[in-house]
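Protein sequence lines, in the order shown, are assigned to chains F and D. Residues 55 to 263 in my numbering are what the first sequence lists, from first letter to last. Residues 55 to 263 in my numbering are what the second sequence lists, from first letter to last. Note that CB positions come from ideal geometry on N, CA and C, so glycine has one too. Notes for the one structure printed next.
Protein chains: 2
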Amino acid sequence: MMTDSAEVARSILDDQAPTTRCRILATAERFFREIGYQKTTVSDIAKSLGMSPANVYRFFESKKAINEAVVASVIKDIEGLIAAIADVPSLSAADRVAGIVRALHHDCVERCRANPRIHEMVEAAMTESWGVCEHHVARISAVLTRVVREGVLGGEFDTKDPEVAALCVQASIIRYCNPMLVSLYPNVPGPPLDDMISFIISGLRGASR
Amino acid sequence: MMTDSAEVARSILDDQAPTTRCRILATAERFFREIGYQKTTVSDIAKSLGMSPANVYRFFESKKAINEAVVASVIKDIEGLIAAIADVPSLSAADRVAGIVRALHHDCVERCRANPRIHEMVEAAMTESWGVCEHHVARISAVLTRVVREGVLGGEFDTKDPEVAALCVQASIIRYCNPMLVSLYPNVPGPPLDDMISFIISGLRGASR
């Protein structure tokens with residue numbers, strides 16, 4: 055690998071590291087969107103930025119680290135959105151669960167439609183259990199657990215263990231929110247999402263009755 | 055292709071056709087179990103039976119038709135089992151739904167463990183929507199719809215549309231009963247099956263409350 059030590063020093067020493075990191079990620083995401091993450095090389099990214107590959111490796115230890123960071127950036131918005139829905143004080147817990155499920159479904163379907171190569175990448179990340187996806191799933195669990203717990207405290211839901219109930223909600227929506235199933239089963243018969251949401255809300259209203 | 059018209063005539067004319075069909079299927083299943091359906095050729099099957107490939111094609115118009123017939127035979131037992139569970143008069147509708155879900159899960163996990171190559175084949179059949187699998191999923195829906203309808207009539211369940219409710223149950227158990235997810239996610243955190251079943255039964259007890 056060619057290195058350009060002046061260039062490296064410039065990037066590291068002039069407090070531009072966060073900016074350079076962002077530029078690498080933005081460039082990687084553009085390549086991933088256009089030709090797919092598997093065909094994109096670190097050289098492509100470096101060349102497009104006028105950097106050496108070695109300099110890219112100062113910021114990301116491997117191509118895999120770039121992949122994970124791009125996926126993290128792609129799924130950051132939906133995580134923010136569902137956390138915001140969980141926090142709307144005027145909505146019932148049931149409406150917040152419904153809103154979170156709809157947001158997750160819309161995010162997945164819309165990415166599949168508008169950015170198929172990025173969707174493929176998120177699908178691989180989920181299927182191969184990249185660390186970034188394990189955290190993503192855990193954060194969704196945490197948000198759902200919080201809303202379920204508030205629903206129990208408010209008398210809306212009746213479930214012994216909000217954490218387990220949140221996992222049940224997640225398992226119930228795989229067909230609508232898992233990238234692989236969303237791209238595999240677009241035309242397979244299944245209940246409309248609204249019916250599925252009603253079913254889930256009933257499930258939360260009382261496992262112990 | 056070599057044909058042996060005497061052999062063909064013997065198979066067709068002496069009323070042995072059903073037997074020959076069964077022998078072809080049994081031999082195909084043995085090959086599929088040992089080397090996988092993709093590596094098995096019609097010639098392998100024919101040779102093992104002392105037949106010509108052309109004679110095999112008298113009974114199955116293509117390799118795909120053999121594949122579908124083997125999958126149909128592999129999933130026949132579980133279909134019989136869930137229909138039998140649906141018919142146990144001493145069980146509540148909730149216990150019958152629970153029994154059906156447990157049976158579907160056990161069947162899928164056990165095949166994955168004991169017969170990985172057959173599991174792979176069923177997985178491909180599901181993923182690629184072979185006709186045989188569409189019928190299988192429809193038959194599971196029909197059995198679940200029947201039990202849910204009986205549960206509504208008996209006052210156990212409260213749901214406007216038993217058919218949609220049955221689809222909701224099926225969507226909820228994908229993680230436990232879909233061959234692809236069972237092999238992909240053996241160690242991914244999710245609710246224990248018993249908790250998932252309680253959640254589903256709650257869902258059936260009333261979407262309209």
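Query                                                                                                                                                                                                 : Result
If you draw a straight line from the alpha carbon of glutamate 174/F to that of threonine 74/D, how long is it in whole angstroms?                                                                    : 45 Å
Check whether the segment 123-138 of chain D and the segment 154-166 of chain D touch, using three or more Cβ-Cβ pairs below 8 Å as the test.                                                         : yes
Using beta-carbon positions only, say whether valine 151/F and lysine 117/F come within less than 9 Å of one another.                                                                                 : no
DSSP state of aspartate 215/D, grouped into three classes?                                                                                                                                            : coil
Distance, Cα to Cα, methionine 180/D vs serine 144/D?                                                                                                                                                 : 33 Å
Would the segment 119-132 of chain D and the segment 73-89 of chain D be scored as touching if the rule is three or more Cβ pairs under 8 Å?                                                          : yes
Nearest chain D C-beta to valine 155/F closer than 9 Å, yes or no?                                                                                                                                    : no
Which of the three DSSP states, helix, strand or coil, is assigned to aspartate 141/D?                                                                                                                : coil
For threonine 73/F, would you say it is in contact with chain D, using Cβ-to-Cβ distances shorter than 9 Å as the test?                                                                               : no
Could you work out which residues of chain D lie near isoleucine 129/F, taking near to mean beta carbons separated by less than 7 Å?                                                                  : Those within 7 Å of isoleucine 129/F in chain D number zero; the least Cβ separation is about 17 Å.
Got a sec, what are the start and stop residues for the alpha helix (DSSP H) asparagine 109/D sits in?                                                                                                : 107-113
Taking the runs of the alpha helix (DSSP H) that are 4 residues or longer, which of them lie wholly in the segment 131-209 of chain F?                                                                : 147-168, 170-181 and 185-207
By a C-beta neighbour count over all protein chains shown, 10 Å radius and 16 as the cutoff for buried, is alanine 192/F buried or exposed?                                                           : exposed
Rounding to the nearest angstrom, what Cα-Cα distance links leucine 198/D and arginine 165/D in this structure?                                                                                       : 22 Å
Please go through the same chain and pick out, in chain order, the residues whose beta-carbon is closer than 7 Å to the beta-carbon of arginine 200/D, but skip the five residues on each side of it. : Ala140
Is there a Cβ of chain F sitting closer than 9 Å to that of aspartate 249/D, yes or no?                                                                                                               : yes
Quick check on the burial criterion: 16 or more other C-beta atoms within 10 angstroms. Buried or exposed for glutamate 182/F?                                                                        : exposed
State yes or no: is the beta carbon of tyrosine 91/D nearer than 9 Å to at least one beta carbon in chain F?                                                                                          : no
How would you write the range of the alpha helix (DSSP H) that serine 116/F sits in, first residue to last?                                                                                           : No alpha helix (DSSP H) holds serine 116/F; DSSP gives it neither H nor E.
Nearest to lysine 214/D by alpha carbon, out of Phe253/F, Glu217/F and Ser106/F?                                                                                                                      : Phe253/F
Identify whether lysine 101/D lies in helix, strand or coil by the three-state DSSP scheme.                                                                                                           : helix
Which whole-angstrom value describes the C-beta separation of arginine 87/D and asparagine 169/D, a residue pair presumed to lie in contact below a C-beta threshold of 8 Å?                          : 6 Å
Does the beta-carbon distance from glutamate 217/F to leucine 258/F come in below 9 Å?                                                                                                                : no
Taking leucine 238/F as the reference, which of Ala219/D, Asp149/D, Ile120/D and Ala178/D has the closest Cα?                                                                                         : Ala178/D
According to DSSP, is alanine 261/F helix, strand or coil?                                                                                                                                            : Annotation note: pLDDT 46 at alanine 261/F (below 50); position unreliable, no value reported.
Give me the subset of the segment 222-235 of chain F whose CB atoms are less than 9 Å from a CB atom of chain D, sorted by chain position.                                                            : Cys222, Val223, Gln224, Ala225, Ser226, Ile227, Ile228, Arg229, Tyr230, Asn232, Met234 and Leu235
So, under 8 Å CB-CB, proline 233/F and valine 186/F are touching, yes? Tell me the CB distance rounded to an integer number of Å.                                                                     : The Cβ separation is near 13 Å, so there is no contact.
For glycine 244/D, which residues in the same chain have their Cβ closer than 7 Å to its Cβ, ignoring the five residues on either side in sequence?                                                   : Arg229
Taking Cβ positions, are methionine 250/F and cysteine 222/D nearer each other than 9 Å?                                                                                                              : yes
Need the endpoints of the alpha helix (DSSP H) that isoleucine 227/F sits in, please.                                                                                                                 : Counting along the chain, isoleucine 227/F falls outside any alpha helix (DSSP H), and DSSP gives it neither H nor E.
Kindly indicate which residue of Ser226/D, Ala100/D, Ile89/D and Ile172/D has the alpha-carbon position closest to the one of cysteine 76/D.                                                          : Ala100/D
According to the Cβ coordinates, are glycine 208/F and serine 146/F closer than 9 Å?                                                                                                                  : yes
What number of angstroms, rounded off, separates the C-alpha of valine 142/F from the C-alpha of histidine 189/F?                                                                                     : 23 Å
With 16 other CB atoms within 10 Å as the buried threshold, where does aspartate 161/D fall?                                                                                                          : buried
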